[in-house]
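Chemist: Sharing a structure with you now.
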Amino acid sequence: MAWFRRNEEPQPVPAVTGPDPEDTPAALDADIAGVVRLVNASAGDLPVASVVAARRITDLLSEVVRTSDVRPLDIYAAISVRATATDYLPTTVRSFVALDPDLVDVPATSGTTPVQSLAAQLEALEGAAEQVLAAAQRQDVDALMTQGSFLRTKFSGSDLDL
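Reminder that position 156 of the sequence shown reads as 156 in UniProt numbering, one-by-one numbering, no gaps.
As structure tokens, then:
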């Protein structure tokens with residue numbers, strides 16, 4: 001029954017060589033520094049409260065990356081940091097800065113002004129960054145508790161000792 005068989009040679013599976021270079025703490029720090037420069041450069045065109053909110057977000061992202069000092073950064077945390085620093089936050093800032101300054105306080109059909117919309121978007125990004133940081137810190141706590149259990153088991157007397 002040769003017609004069920006493929007006549008193709010199997011393709012070799014590429015070897016996994018380690019973490020994506022974009023996910024290293026140094027690369028993530030560079031991404032964060034880039035968005036900090038963008039926020040600082042756009043500060044004159046943004047409401048002051050939005051500049052402060054955007055910088056809080058970048059500070060939270062930096063805290064997430066700093067958790068890698070203790071243990072390797074979780075891939076989901078790295079992806080979230082990279083996406084926020086290279087896409088979500090810059091897109092939000094650039095979209096607002098691109099608006100005609102005369103329209104930033106004019107309500108849209110939804111009844112919200114662009115300033116209010118910007119504040120809501122930054123609040124959502126900040127909440128997401130806080131959740132990523134909390135998850136990374138929980139992993140550190142879990143790792144510490146696991147290490148404590150291991151040490152207690154390893155160095156305390158066992159019921160099996162004679």
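Just so you know, even glycine gets a beta-carbon here, dropped at the ideal spot from N, CA and C.
Within the continuous alpha helix (DSSP H) that includes LEU103, where are the two ends?
Modeler: As a working mapping, residue 103 is identified with position 103 in the sequence shown. Where LEU103 is concerned, there is no enclosing alpha helix (DSSP H), given that its DSSP letter is neither H nor E.
Chemist: Alpha helix (DSSP H) containing PRO72: first to last residue?
Modeler: Position 72 of the sequence shown holds residue 72. Bounds of any alpha helix (DSSP H) do not take in PRO72, whose DSSP letter is neither H nor E.
Chemist: Please report how far the alpha carbon of LEU28 lies from the alpha carbon of VAL81, in whole angstroms.
Modeler: By 1-based counting over the sequence shown, the position of residue 28 is 28. By 1-based counting over the sequence shown, the position of residue 81 is 81. Their Cα atoms are separated by approximately 7 angstroms.
Chemist: Let me know the secondary structure DSSP gives GLY127 once reduced to three states.
Modeler: For this step, residue 127 is matched to residue 127 along the sequence shown. Three-state DSSP puts GLY127 in a helix.
Chemist: Which of the three DSSP states is assigned to LEU162 in this structure?
Modeler: Numbered from 1 along the sequence shown, position 162 holds the residue referred to as residue 162. Residue placement at LEU162 is flagged as unreliable, the pLDDT there being 48, under the threshold of 50; a coordinate-derived value is accordingly withheld.
Chemist: With DSSP collapsed to three states, give me the class of PRO107.
Modeler: Against the sequence shown, residue 107 aligns to sequence position 107. Coil, per DSSP.
Chemist: Please work out which residues of its chain come closer than 8 angstroms, Cβ to Cβ, to VAL65, disregarding the five sequence neighbours upstream and downstream, and give them in chain order.
Modeler: Indexing the sequence shown from 1 puts residue 65 at position 65. PRO25, LEU28, ASP29, ILE32, LEU73, VAL81.
Chemist: Rounding to the nearest angstrom, what Cα-Cα distance links GLY111 and ALA136 in this structure?
Modeler: For the purposes of this step, residue 111 is taken as residue 111 along the sequence shown, with counting starting at 1. For the purposes of this step, residue 136 is taken as residue 136 along the sequence shown, with counting starting at 1. C-alpha separation (whole angstroms): 38 angstroms.
Chemist: Look at VAL115 and ASP102 and say whether their C-beta atoms are less than 8 angstroms apart.
Modeler: Residue numbering aside, residue 115 sits at position 115 when the sequence shown is read from its first letter. Residue numbering aside, residue 102 sits at position 102 when the sequence shown is read from its first letter. Result no, Cβ atoms of VAL115 and ASP102 do not sit closer than 8 angstroms.
Chemist: Just to confirm the assignment, what range does the alpha helix (DSSP H) spanning LEU28 have?
Modeler: For the purposes of this step, residue 28 is taken as the residue at position 28 of the sequence shown. Its alpha helix (DSSP H) spans residues 25-42.
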